[in-house]
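Top to bottom, those sequences are chains B and C. Each residue of the first sequence is one higher than the one before, counting from 1 in the UniProt record's numbering. Each residue of the second sequence is one higher than the one before, counting from 1 in the UniProt record's numbering. C-beta: ideal position from N, C-alpha, C; glycine also.
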Amino acid sequence: MVQYNFKKITVVPTGKDFIDIILSRTQRQTPTVVHKGYAISRIRQFYMRKVKYTQQNFHDKLSTIIEEFPRLDDIHPFYGDLLHVLYNKDHYKLALGQINTARNLIGKIAKDYVKLLKYGDSLYRCKSLKVAALGRMCTVIKRVGPSLAYLEQIRQHMARLPSIDPNTRTILICGYPNVGKSSFINKITRADVDVQPYAFTTKSLFVGHTDYKYLRYQVIDTPGILDRPFEDRNIIEMCSITALAHLRASVLFFLDISGSCGYSVAQQAALFHSIKSLFMNKPLIIVCNKTDLQALEGISEDDMKLVMEMKAEAMKTLIGQGGEPTNDEGVLLTMSTLTEEGVIAVKNAACERLLDQRVELKMKSKKLNDCLNRFHVAMPKPRDQKERPPCIPEAVLEAKAKKAEQAAEKQKKLERDLENENGGAGVYSASLRKHYILANDEWKEDIMPEILDGHNVYDFVDPDILQRLEELEREEGMHQEHEADDFEMDGAELTPEEQEALAEIRKKKRLIVQQHRIKKSTAESRPTVPRKFDKDKQFTSERMGRQLSTLGLDPTLAINRARSKSRGRKRERSIDKGNQNGTDDMDVDGDQPNKKLRLRSRSLSRSRSRSKSRPPYEVLPGEGLKDSAQKKKAIKLAEKSHNKRNKDARKGEADRVIPTLRPKHLFSGKRSTGKTDRR
Amino acid sequence: MRLEKCWFCSSTVYPGHGIQFVRNDAKIFRFCRSKCHKNFKMKRNPRKVKWTKAYRRVHGKDMTQDATFEFERKRNRPERYDRHVAEETLKAIKKIDKVRVDREARHYAKRMKGKKAQVQKEAANELEQSIHMVKAPAALQKEPSLTLPKVYQKQTEDRMEE
Chain B
1 MVQYNFKKIT VVPTGKDFID IILSRTQRQT PTVVHKGYAI SRIRQFYMRK
51 VKYTQQNFHD KLSTIIEEFP RLDDIHPFYG DLLHVLYNKD HYKLALGQIN
101 TARNLIGKIA KDYVKLLKYG DSLYRCKSLK VAALGRMCTV IKRVGPSLAY
151 LEQIRQHMAR LPSIDPNTRT ILICGYPNVG KSSFINKITR ADVDVQPYAF
201 TTKSLFVGHT DYKYLRYQVI DTPGILDRPF EDRNIIEMCS ITALAHLRAS
251 VLFFLDISGS CGYSVAQQAA LFHSIKSLFM NKPLIIVCNK TDLQALEGIS
301 EDDMKLVMEM KAEAMKTLIG QGGEPTNDEG VLLTMSTLTE EGVIAVKNAA
351 CERLLDQRVE LKMKSKKLND CLNRFHVAMP KPRDQKERPP CIPEAVLEAK
401 AKKAEQAAEK QKKLERDLEN ENGGAGVYSA SLRKHYILAN DEWKEDIMPE
451 ILDGHNVYDF VDPDILQRLE ELEREEGMHQ EHEADDFEMD GAELTPEEQE
501 ALAEIRKKKR LIVQQHRIKK STAESRPTVP RKFDKDKQFT SERMGRQLST
551 LGLDPTLAIN RARSKSRGRK RERSIDKGNQ NGTDDMDVDG DQPNKKLRLR
601 SRSLSRSRSR SKSRPPYEVL PGEGLKDSAQ KKKAIKLAEK SHNKRNKDAR
651 KGEADRVIPT LRPKHLFSGK RSTGKTDRR
Chain C
1 MRLEKCWFCS STVYPGHGIQ FVRNDAKIFR FCRSKCHKNF KMKRNPRKVK
51 WTKAYRRVHG KDMTQDATFE FERKRNRPER YDRHVAEETL KAIKKIDKVR
101 VDREARHYAK RMKGKKAQVQ KEAANELEQS IHMVKAPAAL QKEPSLTLPK
151 VYQKQTEDRM EE
């Protein structure tokens, strides 16, 4: 069965797009470089190729369009008529015809210009010929542009048409607008058609599928038809008329006996009679819908008469088919889609009628005669009245009986039953170890640890582990004996004083290393000052004396020598000290081993010569700075480099201050992007 | 549930710890913590990384071959459960552990044997060599013992004398 699927038609581009596509393709896919120095044949070939390539592309694309759009005469008349109703056959054919002529024209243009190009004598001439050719082709397409747009629209609409198979079993639903056709189809199929209280809710055909006796039926919902002369009908009504006309289906004519659709029974009956010609050879069922509002028995006399007339007409179709003329149940049915009573009955009746009709037709056709014997079960003609049941031997019967007994006896108790007995799935957990085969059945529920002291127990499990353990312990015993034999000889140990000395040595070594490291790391930022300035006061005679005495020497001679060698200030100081103490100057250090006292004496002695405090910018000789200006700058830099704590709670950088409250650059001027209503 | 060994540091990986990496050749690497994992990703050789067991074994710091290690071997054949065997195994594990610990201690002692003597020798040497840093050679001559000198204190009697 050919599926009428118009979704596979390629998109038809607009005129402009078409031109763009083809020209850009030509530009990309053909060689682009040509110079006037090339051989003339090469130049001609270059341009001819371009022209031919463009023509070829136009030809291909237009051909696909022409071929893919269906020819209204070649498809099923239902679709032909439907497309005619929707798109106007003539207009459609005209559009396709124009495309065809365009294709031919382009072919001609190309042929002519290629002929001319063969005799082009310069690059300029060839180029202008090519330009002219391409230009004319594009003009042709531009002229045909409206047709292309029209075809594109048609294509889009066609893709959305419902896929109706005209040859399969179909049920058609027709009637006045708002009688309940869409609700019916919603009920019996999975289609989801819009149901609304206004007329002409359904504007086109809708397809649903339903099953009956293992066969699939198409159910087609049509837009409502009004009672008008044929010529006045609009496109929507024409759709349903077309469907009625061409599809071989069983027709359900819907009647709203309550009149809530807005039309009386008389109007609907009139419609029926006007389209009854379309019901020729189709199983017709008249369905009275909305019985929940108005039962069939309760309508007026006139209405009943009209309904009976319609029924008579429907019966005619029944009789005409050669079905059972006596059976008139399947002709007039009542139902209510709201309460869903009678809906299935209607569907079944429609399917049944259709099936009968189709089967009959098939039976009458020649093809089926060949297959008929496949449907026939040959039964031998009974020659007498004797009963001949199938023969089963005795043994088999007995065996069967025994088996049945056993099955009834041995009802194995399943784990599932056990579970259900003991409280269900969440409460009872089956003991998985029930069926373990162990040496002793008491061990079945034993818990064995898997991990012990950071070891996997399973790695140690061994039947002869005890034996090996015994060997191991014996070995251990032997080792321990041997161990007891050797012990360490204690060598000569250092005496406590010696240890003290060693500690002192190590301390000194560490100190030296530390000092050296500091010196090395600060080498870049430390001023290299000659030793004579002695800023840290390291090289004093007292110090030397102290160091020498800790080494165990008598420092007096050395100090004296040092002092005698030094000049000026030091001699003065020593004289002062001498005055102060009234003893020899050399004894000072010996008398004052206490550092604090030493310091104090020093400061006191110095106070005679100068004041304690100095101005901060005064440069001392050992500092390594040139003059006081440099020192001031150094101090300033040092101050700036560290963050002093703001203990006075002064306002700092972080305390926001807005210097200008309305800066001009934010409150005036236009913006390059964006609005200015937020300033 | 099994305790595994970390591939890098050889410590035990308990359940719920660490990461397992499966390489494309289906070799499984288990790591006890991200430290080992990251070291592995850096392609470090555990035999060269000081704190791993692999290094210690290769460089003789820990004992490598011992009968106690033979007890713990992954056997792939499942054994039928026997209560007695299970009891014995559990008791044996503890004893084996003790033996192993003792042997490791002995190994360590053997390794450290002679350390004391060496340390003492070195100390004596250092003292002899560097005694000049705390004791002047003159003082050393006067008092040849390798001890701190008595700090020179000027006696008051001496001063009085002078």
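- In this structure, DSSP gives Lys-5 (chain C) an extended state, which the three-state scheme calls strand.
- If you draw a 10 Å sphere on the C-beta of His-435 (chain B), you find fewer than 16 other C-beta atoms in it, and that means exposed.
- The region 173-185 of chain B makes contact with the region 246-263 of chain B: 3 or more CB pairs, one atom from each, lie closer than 8 Å.
- For Met-1 (chain C), at least one C-beta of chain B is nearer than 8 Å to its own C-beta.
- Take Glu-128 (chain C), set aside five residues on each side of it, and the residues of its chain with a beta-carbon closer than 7 Å to its own are Leu-146, in chain order.
- In its chain, beyond the 5 residues on either side, Ile-235, Met-238, Cys-239, Thr-242 have a beta carbon closer than 7 Å to the beta carbon of Val-85 (chain B).
- Given a length threshold of 4 residues, each whole run of the alpha helix (DSSP H) inside the region 383-424 of chain B is given here in chain order: 394-409, 415-421.
- Leaving aside the five residues that flank Arg-23 (chain C) on each side, the residues in its chain whose CB is nearer than 8 Å to its CB run, in chain order, Phe-29.
- Cβ-Cβ distances below 6 Å link Glu-309 (chain B) to nothing in the same chain once the five nearest sequence neighbours on each side are left out.
- In terms of beta-carbon proximity, Leu-466 (chain B) lines the interface with chain C, with at least one pair separated by less than 8 Å.
- Straight-line measurement puts the Cα of Leu-553 (chain B) at about 22 Å from the Cα of Ser-566 (chain B).
- The C-beta of Ser-541 (chain B) has 16 or more other C-beta atoms within 10 Å across all chains shown, which makes the residue buried.
- Cβ contact annotation for Arg-75 (chain C) (same chain, cutoff 6 Å, sequence separation greater than five): none.
- The C-beta of His-455 (chain B) comes closer than 8 Å to at least one C-beta of chain C.
- Interface with chain B (8 Å Cβ-Cβ cutoff): Val-49 (chain C) is excluded.
- With its beta carbon at least 8 Å from every one in chain B, Lys-5 (chain C) lies outside the interface.
- With respect to the 8 Å criterion, Cys-351 (chain B) and Tyr-217 (chain B) are classified as neighbours on the basis of their beta carbons.
- Taking C-beta atoms under 8 Å as the contact rule, Thr-170 (chain B) and Leu-247 (chain B) qualify, at a distance of about 5 Å.
- Just so you know, the alpha carbons of Gly-80 (chain B) and Arg-71 (chain B) end up roughly 8 Å apart.
- The beta carbon of Thr-52 (chain C) does not come within 8 Å of any beta carbon belonging to chain B, so the residue lies off that interface.
- With distances taken between CA atoms, Leu-62 (chain B) lies nearest to B:Asn-100 out of B:Asn-100, B:Tyr-53, B:Phe-78, B:Arg-49.
- When DSSP states are grouped into helix, strand and coil, Glu-143 (chain C) belongs to the coil group.
- In the structure shown, Tyr-212 (chain B) falls within a strand segment according to DSSP collapsed to helix, strand and coil.
- Taking a cut-off of 8 Å on C-beta distances, the region 106-114 of chain C does not touch the region 124-138 of chain C, as fewer than three cross pairs fall below it.
- Taking one beta carbon from each stretch, the region 30-43 of chain B and the region 145-160 of chain B have fewer than 3 pairs nearer than 8 Å; the two do not touch.
- Using a Cβ-Cβ distance cut-off of 8 Å, the region 127-146 of chain B and the region 7-25 of chain B are in contact, since at least three pairs of beta carbons, one from each stretch, lie closer than that value.
- Looking at the backbone, the Cα of Pro-382 (chain B) and that of Arg-388 (chain B) are separated by about 11 Å.
- The C-alpha of Ser-628 (chain B) lies about 16 Å from the C-alpha of Pro-527 (chain B).
- Sequence-distant Cβ neighbours of Lys-50 (chain B) in its own chain, meaning closer than 8 Å and more than five residues away, are Thr-26, Thr-30, Lys-130, Leu-134.
- Where Asp-648 (chain B) is concerned, there is no enclosing alpha helix (DSSP H), because DSSP gives it neither an H nor an E.
- Straight through space, the alpha carbons of Ala-634 (chain B) and Lys-640 (chain B) are spaced by roughly 10 Å.
- At a cut-off of 8 Å between beta-carbon atoms, Lys-95 (chain C) makes contact with chain B.
- Excluding five sequence positions before and after Cys-32 (chain C), the CB atoms of its chain that fall closer than 7 Å to its own CB belong to Cys-6, Cys-9, Ser-11, Val-13, His-17, Gly-18, given in chain order.
- Using beta-carbon distances, Thr-64 (chain C) does not count as an interface residue toward chain B, since no partner is under 8 Å.
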